[in-house]
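J.:
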Amino acid sequence: MKISARNVLKGKVKRIIHGSVNSEVVVELPGGIEIISIITKNSVENLDLKEGSEVYAVIKATSVMLASD
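Here the numbering used here is used: the first residue of the sequence shown is 149, the next is one more, and so on.
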C-alpha cells in the first residue's frame, strides 16, 4: 500500500459498534492507546473488518489544534 498521508498508524480492531448508518471502530495501537474512527457500515463490510483485524489508521488533516491550561 502506498499513500501520501504521513500519519499512518498500524493497530488492531478492538471493538465495532454499529449504528443505523455509521459504525464506530475502536482501534488499539501498540502500547494500548486507542483511537476511534467513525465510518459507514458499508465501509466496515467492504473492508471485512472484525474484532482482531489488523488495520491502518490514516490521519490526513490540514491542522491539529493543541491546548494547554
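For every residue, glycine included, the Cβ atom is placed at its ideal position computed from N, Cα and C.
Within 8 Å, do at least three Cβ pairs link the segment 197 to 207 to the segment 159 to 170?
T.: The segment 159 to 170 vs the segment 197 to 207: in contact.
J.: I'd like to confirm the pairing. Which residues does DSSP put opposite L157 in its beta bridges?
T.: By one-based count along the sequence shown, residue 157 stands at place 9. For L157, which the question treats as bridged, DSSP gives the partners A205.
J.: Would you decide whether V173 is buried or exposed? Buried here means 16 or more other CB atoms lie within 10 Å of its CB.
T.: Counted from its first residue, the sequence shown places residue 173 at position 25. By the neighbour-count rule (16 or more Cβ atoms within 10 Å), V173 is buried.
J.: In three-state terms, what does DSSP make of S118?
T.: The structure shown does not extend to residue 118, since the chain spans only 149 to 217, so no value can be given for it.
J.: Please report the residue range of the beta strand (DSSP E) in which E172 lies.
T.: Mapped onto the sequence shown, residue 172 falls at position 24. Counting along the chain, the beta strand (DSSP E) containing E172 begins and ends at N170 to E176.
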